[in-house]
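Asker:
2 protein chains.
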Amino acid sequence: MRLQSDSAPVNDTLLRAARGRVVSHTPVWMMRQAGRYLPEYRKLREGTTFFETCRNPDLVAEISIQPLERFPLDAVIVFSDILVVPQAMGMEVLMVKGRGPVFPDPLRTTEDLGRLLAPDVEETLGYVFEGLRRTRTGLNGRVPLIGFAGAPWTLMAYMIEGGGSKSFDKARAWLYAQPAAADRLLAAITEVLVEYLDHQVRAGAQFLQVFDSWAGMLGPRAFERFALPHLRVIASELGRRHPDIPLAVFARGAHHALEGLSKAGYDVISIDWTLDPALARQRVGPDITIQGNLDPAVLYGSPKSIREAVGVMLQGFGGERHIANLGHGMLPDHDPEHAAVFVEAVHELSRQA
Amino acid sequence: MRLQSDSAPVNDTLLRAARGRVVSHTPVWMMRQAGRYLPEYRKLREGTTFFETCRNPDLVAEISIQPLERFPLDAVIVFSDILVVPQAMGMEVLMVKGRGPVFPDPLRTTEDLGRLLAPDVEETLGYVFEGLRRTRTGLNGRVPLIGFAGAPWTLMAYMIEGGGSKSFDKARAWLYAQPAAADRLLAAITEVLVEYLDHQVRAGAQFLQVFDSWAGMLGPRAFERFALPHLRVIASELGRRHPDIPLAVFARGAHHALEGLSKAGYDVISIDWTLDPALARQRVGPDITIQGNLDPAVLYGSPKSIREAVGVMLQGFGGERHIANLGHGMLPDHDPEHAAVFVEAVHELSRQA
Chain X
1 MRLQSDSAPV
11 NDTLLRAARG
21 RVVSHTPVWM
31 MRQAGRYLPE
41 YRKLREGTTF
51 FETCRNPDLV
61 AEISIQPLER
71 FPLDAVIVFS
81 DILVVPQAMG
91 MEVLMVKGRG
101 PVFPDPLRTT
111 EDLGRLLAPD
121 VEETLGYVFE
131 GLRRTRTGLN
141 GRVPLIGFAG
151 APWTLMAYMI
161 EGGGSKSFDK
171 ARAWLYAQPA
181 AADRLLAAIT
191 EVLVEYLDHQ
201 VRAGAQFLQV
211 FDSWAGMLGP
221 RAFERFALPH
231 LRVIASELGR
241 RHPDIPLAVF
251 ARGAHHALEG
261 LSKAGYDVIS
271 IDWTLDPALA
281 RQRVGPDITI
291 QGNLDPAVLY
301 GSPKSIREAV
311 GVMLQGFGGE
321 RHIANLGHGM
331 LPDHDPEHAA
341 VFVEAVHELS
351 RQA
Chain S
1001 MRLQSDSAPV
1011 NDTLLRAARG
1021 RVVSHTPVWM
1031 MRQAGRYLPE
1041 YRKLREGTTF
1051 FETCRNPDLV
1061 AEISIQPLER
1071 FPLDAVIVFS
1081 DILVVPQAMG
1091 MEVLMVKGRG
1101 PVFPDPLRTT
1111 EDLGRLLAPD
1121 VEETLGYVFE
1131 GLRRTRTGLN
1141 GRVPLIGFAG
1151 APWTLMAYMI
1161 EGGGSKSFDK
1171 ARAWLYAQPA
1181 AADRLLAAIT
1191 EVLVEYLDHQ
1201 VRAGAQFLQV
1211 FDSWAGMLGP
1221 RAFERFALPH
1231 LRVIASELGR
1241 RHPDIPLAVF
1251 ARGAHHALEG
1261 LSKAGYDVIS
1271 IDWTLDPALA
1281 RQRVGPDITI
1291 QGNLDPAVLY
1301 GSPKSIREAV
1311 GVMLQGFGGE
1321 RHIANLGHGM
1331 LPDHDPEHAA
1341 VFVEAVHELS
1351 RQA
């Protein structure tokens, strides 16, 4: 048995692809790969609330590594939630069954900004860092460990809307009715995120992804005005502090933003399934790695149709600077066997190409 | 006083813009312009359920015309709902306060397709046609009357999902797990829609819009495979039967589909606020009218900021073949005074241009 150095995983395909280096196969992982579709996840979660689980570093490590025990994935993402940051800033967030996240007391007026804390991330989010450390130990260098955070606009959207929403109208109202307050809120969140992601790297994260899950609610001008500048700050700050850690951004639904994102300081742009791989490649140019983008609903189809869809996707991306993933997260009623087909198809078909 | 012929409204700016003729100003209307943001609408709805209102032709006419009594709109859209078609096909649909539409018994398996009826539209949807006739009479030729329907994919999405959803996973699952059954369902819906829209024209509709509200849930390949062919059938059938009636399509979120839609037989393509007007114009070419696309959240801002946003939008579209609208519907907490600012700004700024 070979001893692993701390910084070089045995399988560094994800990190190589993120940097545009030669790889033997297209690396693959899945958003929400540790989750409810896995019976072993549901079993481990029994009797604990969602956020209790997030705060238990041993459970975090075990859950994060579960999918790697089933599938030959090229990365593990730490089990956590983007809403731990609003919690650290003093907001209560509950996970309500069948409804998703609920903020009992969302930000309603600009005066509510006074309620927000500028937290010491080590003190308030230390459990995430401990979870990363234990996951990293548990991985023992097998594959790289991904850390993550929600993007400023997405966190703002939740903090104002008070939960999930079809169009986040209350949050979008702030952008037009009180843009200066929106700027203050976004800047405050960004400041926390920079420290949070910095500490994630120090705790063992080897690749970072920023999830702008509700970027698609913004038109091009609003995205450029309220979302992109803060994404740039995050990339430049993290890039300065940790130049060797690849940075990925997933601005879901922001189809118009590919060009802007490709100049925002990220190594990897993750795209959803509404973008054509070949067109996305043209638009971001040759120097960015693209991650994605199979429609998660494809996994409801037969193994044969999954393999076909993977083949079409790989061909679209053309084999260079690609990290295979879904265009959004795994779904609770997905069949784990179909996830296996997806992972294997990516490896097999990309090796043949 | 001039007598109006049945077919030529005094203000035919909408129809002229749809056909690419010269207009004195950019015509404007708003999706969901008859709705909860108007106190007179809320008053009239008191004591009736949503679908009771839809089935009452006198209420339909009064509600449809309400916004025209407030704002110098260039069109009126009949008050109704896209889900009256699934109802006509035998499905129960309730409108539940705070939750939206609910199908107590959605389509779960392909066998459930056997439950669907091929309705006589005159018998099952005659109330819509009567509502159109009374609205047309009430309008007395002031502005054109818009009829509408939901697109096949969007109606399928509701019928399977059983209500609104963030990603319509159950409906998307059909596309991959049982595509042949999806095809059958989509074809059956399309057949009803052709008759339904045909009868709307015979009852007085002078412009038709097909709402593919959940088109954005589909990737480019799925849209081309499951949504576009049926949209084409609708356009060609209606175009054949009523060559003088402009046809509009609003495939919300299907940013990738502009090129395909511009060749699908529609005169007008309605776009949401995530598309840049000038880029949309480039992509659809000069022979299509584009409708849209102010972010409805802009109406939460000040009158000054609304006027500025309208100016930017008009400039983006360039003045030719444009029908001004929002990029989605009016919202219940919008201020009617701000809707007035929007309408007036479109007229005033487009006359100056």
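These protein sequence lines are chains X and S, in that order.
Letter by letter, the first sequence follows residues 1 to 353 in our numbering.
Letter by letter, the second sequence follows residues 1001 to 1353 in our numbering.
From the three backbone atoms N, C-alpha and C, an ideal C-beta is built for every residue, glycine too.
1) Closest by CA to P1072 (chain S), which one among S:E1122, S:W1029, S:K1043?
2) May I ask you to list, following chain order, the residues of the stretch 1025 to 1052 of chain S that have a beta carbon less than 7 Å from some beta carbon of chain X?
3) Apply the 10 Å Cβ neighbour rule to S1080 (chain S) and answer buried if 16 or more other Cβ atoms are within range, or exposed otherwise.
4) For a cutoff of 8 Å on Cβ pairs, would you count S1262 (chain S) as touching chain X?
5) Counting only C-beta atoms, is P1298 (chain S) closer than 8 Å to chain X at any point?
6) What number of angstroms, rounded off, separates the C-alpha of V380 (chain X) from the C-alpha of A1149 (chain S)?
7) Report the three-state DSSP secondary structure of G316 (chain X) (helix, strand or coil).
8) What residue range is occupied by the uninterrupted alpha helix (DSSP H) comprising T1190 (chain S)?
9) Apply the 10 Å Cβ neighbour rule to S24 (chain X) and answer buried if 16 or more other Cβ atoms are within range, or exposed otherwise.
10) Under 8 Å between C-beta atoms, does K1097 (chain S) make it to chain X?
11) Less than 7 Å between C-beta atoms, sequence neighbours within five positions excluded: which residues of the same chain meet that for S262 (chain X)?
12) Would you identify the three-state DSSP class for L3 (chain X), choosing helix, strand or coil?
13) Among X:K43, X:H328, X:R99, which one has its Cα closest to the Cα of S165 (chain X)?
14) Below 8 Å between beta carbons: does that hold for M330 (chain X) and A339 (chain X)?
15) Taking the alpha carbon of V1343 (chain S) as the reference point, which residue from S:R1321, S:G1292, S:L1279, S:N1056 has its own alpha carbon closest?
16) Does the beta-carbon distance from R358 (chain X) to H334 (chain X) come in below 8 Å?
17) Taking A1018 (chain S) as the reference, which of S:I1323, S:P1179, S:A1215 has the closest Cα?
18) Is it right to say L15 (chain X) is buried, meaning 16 or more other beta carbons lie within 10 angstroms of its own, or is it exposed?
19) Should R1321 (chain S) go down as buried or exposed, given a rule of 16 or more other Cβ atoms within 10 Å for buried?
20) At the 8 Å Cβ level, is Y266 (chain X) part of the contact set with chain S, yes or no?
21) Let me know the alpha helix (DSSP H) ranges lying completely inside the stretch 23 to 57 of chain X, each 4 residues or longer, listed in chain order.
22) Quick check on DSSP: helix, strand or coil for A1118 (chain S)?
23) With a cut-off of 8 Å, do at least 3 Cβ pairs link the stretch 1075 to 1093 of chain S to the stretch 1112 to 1132 of chain S?
24) Can you pull the chain C residues whose beta carbon is under 8 Å from the beta carbon of H1255 (chain S), in chain order?
25) Excluding five sequence neighbours on each side, which residues of the same chain lie with their C-beta closer than 7 Å to the C-beta of Q4 (chain X)?
26) Going by C-alpha distance, which of X:I63, X:E46, X:K43 is nearest L34 (chain X)?
27) What are the start and end residues of the beta strand (DSSP E) that includes P144 (chain X)?
28) Going by DSSP, which residues form a beta bridge with A1075 (chain S)?
29) Between the stretch 236 to 253 of chain X and the stretch 264 to 283 of chain X, do at least 3 Cβ pairs fall closer than 8 Å?
30) Any heavy atom of the ligand FAD closer than 7 Å to the CB of E1308 (chain S)?
31) Who are the Cβ neighbours of M1 (chain X) in its own chain at under 8 Å, not counting the five residues just before and after it?
32) Are the beta-carbon atoms of N1325 (chain S) and M1031 (chain S) separated by less than 8 Å?
33) Hey, could you find the ends of the beta strand (DSSP E) F211 (chain X) is sitting in?
34) Output yes if chain S places a C-beta closer than 8 Å to the C-beta of D335 (chain X); else output no.
35) Around the Cβ of S213 (chain X), are there at least 16 other Cβ atoms within 10 angstroms (buried) or fewer (exposed)?
36) I'd like the span of the alpha helix (DSSP H) that includes S236 (chain X), first residue to last.
Answerer: So, from the data block:
1) Stepping through the second sequence from its first residue, residue 1072 (chain S) is reached at position 72. Of the candidates S:E1122, S:W1029, S:K1043, the one whose C-alpha sits nearest the C-alpha of P1072 (chain S) is S:W1029.
2) none
3) On the second sequence, residue 1080 (chain S) is found 80 positions in, with the first residue counted as 1. By the neighbour-count rule (16 or more Cβ atoms within 10 Å), S1080 (chain S) is buried.
4) Reading the second sequence from its first residue, position 262 is the one you call residue 1262 (chain S). It does not; no Cβ of chain X falls within 8 Å.
5) Position 298 of the second sequence, counting from 1, holds the residue named residue 1298 (chain S). Here residue 1298 (chain S) is Val; the residue named in the question, Pro, does not match the sequence. True, the Cβ-Cβ gap to chain X drops below 8 Å.
6) Nothing can be reported for residue 380 (chain X), as the shown portion of chain X is limited to 1 through 353.
7) Locating residue 316 (chain X) in the first sequence gives position 316, counting from the first residue. In this structure, G316 (chain X) counts as helix in the three-state DSSP scheme.
8) The residue given as residue 1190 (chain S) occupies position 190 in the second sequence. 1179 to 1202 is the extent of the alpha helix (DSSP H) around T1190 (chain S).
9) As a position in the first sequence, residue 24 (chain X) is number 24, starting the count at 1. Flag for S24 (chain X) reads exposed.
10) On the second sequence, position 97 is the one that residue 1097 (chain S) refers to. Taking Cβ atoms only, chain X never reaches closer than 8 Å to K1097 (chain S), which makes this a no.
11) Taking the first residue of the first sequence as 1, we reach residue 262 (chain X) at position 262. The answer, listed in chain order, is I269, V284, G285, I288.
12) One-based indexing of the first sequence puts residue 3 (chain X) at position 3. Only weak support exists for where L3 (chain X) lies, its pLDDT of 42 falling under 50; the coordinates are left without a value.
13) Along the first sequence, one-based indexing puts residue 165 (chain X) at 165. The option with the nearest alpha carbon to S165 (chain X) is X:R99.
14) Counting from one through the first sequence, the residue named residue 330 (chain X) turns up at place 330. Counting from one through the first sequence, the residue named residue 339 (chain X) turns up at place 339. Yes; because the gap between Cβ atoms is below 8 Å, this pair is in contact.
15) Taking the first residue of the second sequence as 1, we reach residue 1343 (chain S) at position 343. It is S:G1292 whose Cα lies nearest to the Cα of V1343 (chain S).
16) Outside the shown range of chain X (1 to 353) lies residue 358 (chain X), about which nothing can therefore be said.
17) Stepping through the second sequence from its first residue, residue 1018 (chain S) is reached at position 18. For the residues S:I1323, S:P1179, S:A1215, the minimum Cα distance to A1018 (chain S) belongs to S:I1323.
18) The residue labelled residue 15 (chain X) in the question sits at position 15 within the first sequence. Buried, since its Cβ has 16 or more Cβ neighbours within 10 Å.
19) Along the second sequence, one-based indexing puts residue 1321 (chain S) at 321. Buried, since its Cβ has 16 or more Cβ neighbours within 10 Å.
20) To locate residue 266 (chain X), count along the first sequence from 1; it is residue 266. Taking Cβ atoms only, chain S never reaches closer than 8 Å to Y266 (chain X), which makes this a no.
21) 39 to 45, 50 to 54
22) Within the second sequence, residue 1118 (chain S) is the residue found at index 118, counting from 1. Coil, per DSSP.
23) yes
24) Within the model displayed, chain C is absent; protein chains X and S are what it includes.
25) Here the question's residue 4 (chain X) lines up with position 4 in the first sequence. Annotation note: pLDDT 42 at Q4 (chain X) (below 50); position unreliable, no value reported.
26) Counting from one through the first sequence, the residue named residue 34 (chain X) turns up at place 34. Before going further, note that residue 34 (chain X) is Ala rather than Leu in the sequence given. The option with the nearest alpha carbon to A34 (chain X) is X:I63.
27) As a working note, residue 144 (chain X) is residue 144 in the first sequence. It is not in any beta strand (DSSP E) - P144 (chain X) carries neither H nor E in the DSSP assignment.
28) Numbered from 1 along the second sequence, position 75 holds the residue referred to as residue 1075 (chain S). Bridge partners of A1075 (chain S): none, in fact.
29) yes
30) The model depicted lacks the ligand FAD and carries no ligand whatsoever.
31) The count along the first sequence starts at 1 and reaches residue 1 (chain X) at position 1. Reliability of the predicted coordinates at M1 (chain X) is poor, the pLDDT of 35 falling under 50, and no value is obtained from them.
32) If you number the second sequence from 1, residue 1325 (chain S) lands on position 325. If you number the second sequence from 1, residue 1031 (chain S) lands on position 31. Closer than 8 Å, so yes.
33) Reading the first sequence from its first residue, position 211 is the one you call residue 211 (chain X). Note, F211 (chain X): beta strand (DSSP E), 207 to 212.
34) The residue given as residue 335 (chain X) occupies position 335 in the first sequence. Chain S, which has no Cβ nearer than 8 Å to the Cβ of D335 (chain X), makes this no.
35) Start at 1 with the first residue of the first sequence, and residue 213 (chain X) comes out as number 213. So S213 (chain X) counts as buried.
36) Taking the first residue of the first sequence as 1, we reach residue 236 (chain X) at position 236. Per DSSP, S236 (chain X) belongs to the alpha helix (DSSP H) from 228 to 241.
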